[in-house]
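Below: the structure, in structure tokens.
Written out as structure tokens, the structure is:
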């Protein structure tokens, strides 16, 4: 089935918009991101009366209305957009996540609709069980492809990145690349930026598996798979295991044992982007010995005085604090989001 412009709705989809207006990004990004673009035979169809006619982005519980589209050449590169607007919040999930990854996405889609924003959920190579054979570098490449699609096909006027868990690492990594479309990122929200290394260190098998991964990497076998006991949930390469679990691995960005200078080296470039750190004070993936309040303050300082929201008793995915999460996200997006900017390339 061709997913390049599939409308998903309980009502009849309307014909694609005839508007010929162009985004102020389009001409520039076409020249700067040719390597990331994919061919498309048709533009995205609108979500029809279900979005524009006041029906809202949610039909009923766990039934979203919107447009599903292909943003890249790989079969997994599918995205789903609720709301037909030129300002988008892109949700970037964590390990094992895919569509509908957190409880707050449904109320967030409704709240964004009221503010004339779209919510974009997407799949990339590391979604679901693919994270073990992927990397932050690959995630960044595919995120850039998605933003390029939104600019060139949806006439986007800018995006806000919302990362959950390892999605926070993706944002930090992506913004460091200065990729072609990163200039379209108007703000970033890091929800549950926690240390995989510190959590994994609480498991008895981790130390020996890090040693094995290091040995495999030194022998040039970093792309080979680790034994199943290293990560029972998903196949994982020696490189990705080391990245997630070893000190100073590529994924190691938010650990509480880093010095101020080490945190700044990893996060300091985020000072160029308005940032909000949303930390769950009851996060089950943060070891008990970690002073969460102190860690949040240190992360914010490292990012150049980023804003913070501490959600008391919140779980890692905020499944028990969805309304509070949505309020914080909407308040931040409304204040720091697109307001008709000048051309950022000038």
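In our numbering, the protein residues as written are 1 to 346.
We treat Cβ as the ideally placed atom computed from N, Cα and C, and that holds for glycine.
Using 10 angstroms around the beta-carbon of residue i, count the other beta-carbons present and answer buried if the total reaches 16, otherwise exposed.
i	result
residue 57	buried
residue 305	exposed
residue 265	exposed
residue 63	exposed
residue 193	buried
residue 124	buried
residue 319	exposed
residue 61	exposed
Would DSSP call residue i helix, strand or coil?
i	result
residue 284	coil
residue 82	strand
residue 243	helix
residue 273	coil
residue 131	helix
residue 334	helix
residue 189	strand
residue 237	strand
residue 326	helix
residue 112	helix
residue 152	helix
residue 262	helix
residue 175	helix
residue 101	coil
residue 50	Here the model assigns residue 50 a pLDDT of 37, short of 50, so the residue's position is not dependable, and the following value carries that caveat. Looking at residue 50 - three-state DSSP - the assignment turns out to be helix.
residue 182	helix
residue 42	Note that residue 42 has pLDDT 34, beneath the 50 cutoff, so the model's placement of it is unreliable and the number below is only indicative. Residue 42 falls in the coil class under three-state DSSP.
residue 7	Any reading at residue 7 must be qualified, since the residue scores a pLDDT of 45, below 50, and its modelled position is unreliable; the value itself is stated next. Note: residue 7 maps to strand in three-state DSSP.
residue 146	helix
residue 232	coil
residue 95	coil
DSSP puts residue i in a beta bridge; with which residues?
i	result
residue 300	Per DSSP, none; premise fails for residue 300.
residue 60	63
residue 225	237
residue 278	191 and 309
What first and last residue would you give for the beta strand (DSSP E) that runs through residue i?
i	result
residue 160	159 to 164
residue 308	307 to 311
residue 122	118 to 122
residue 88	88 to 92
Quick one: give me the first and last residue of the alpha helix (DSSP H) that residue i is part of.
i	result
residue 354	Outside the displayed range of the chain (1 to 346) lies residue 354, so it cannot be described from this structure.
residue 74	Neither: residue 74 is in no alpha helix (DSSP H) and is coded neither H nor E.
residue 199	196 to 200
Using beta carbons (cut-off 8 angstroms, strictly below), is residue i in contact with chain B?
i	result
residue 291	Protein chain content of the structure displayed is limited to a single chain, and chain B is not contained in it.
If you pair each beta-carbon of the region 225 to 236 with each one of the region 197 to 211, do three or more pairs fall below 8 angstroms? Contact between the region 225 to 236 and the region 197 to 211 is present, because at least three Cβ pairs lie under 8 angstroms.
Indicate whether the contact test is met: 3 or more Cβ pairs, each with one atom in the region 181 to 191 and one in the region 143 to 163, closer than 8 angstroms. Contact between the region 181 to 191 and the region 143 to 163 is present, because at least three Cβ pairs lie under 8 angstroms.
Between the region 268 to 276 and the region 300 to 314, are three or more C-beta pairs nearer than 8 angstroms? Yes: the two stretches touch, three or more of their Cβ pairs being nearer than 8 angstroms.
I'd like to know if the region 234 to 250 and the region 279 to 291 are in contact, where contact means that at least 3 CB-CB pairs between them fall below 8 angstroms. Counting Cβ pairs under 8 angstroms, fewer than three are found: no touch.
With a threshold of 8 angstroms, are at least 3 pairs of Cβ atoms found where one atom belongs to the region 86 to 104 and the other to the region 166 to 175? As far as the Cβ criterion goes, the region 86 to 104 touches the region 166 to 175, which means the pair count is three or higher.
Does the count of Cβ pairs from the region 81 to 88 and the region 104 to 115 closer than 8 angstroms reach three? Pairwise C-beta distances place the region 81 to 88 in contact with the region 104 to 115, as three or more of them are shorter than 8 angstroms.
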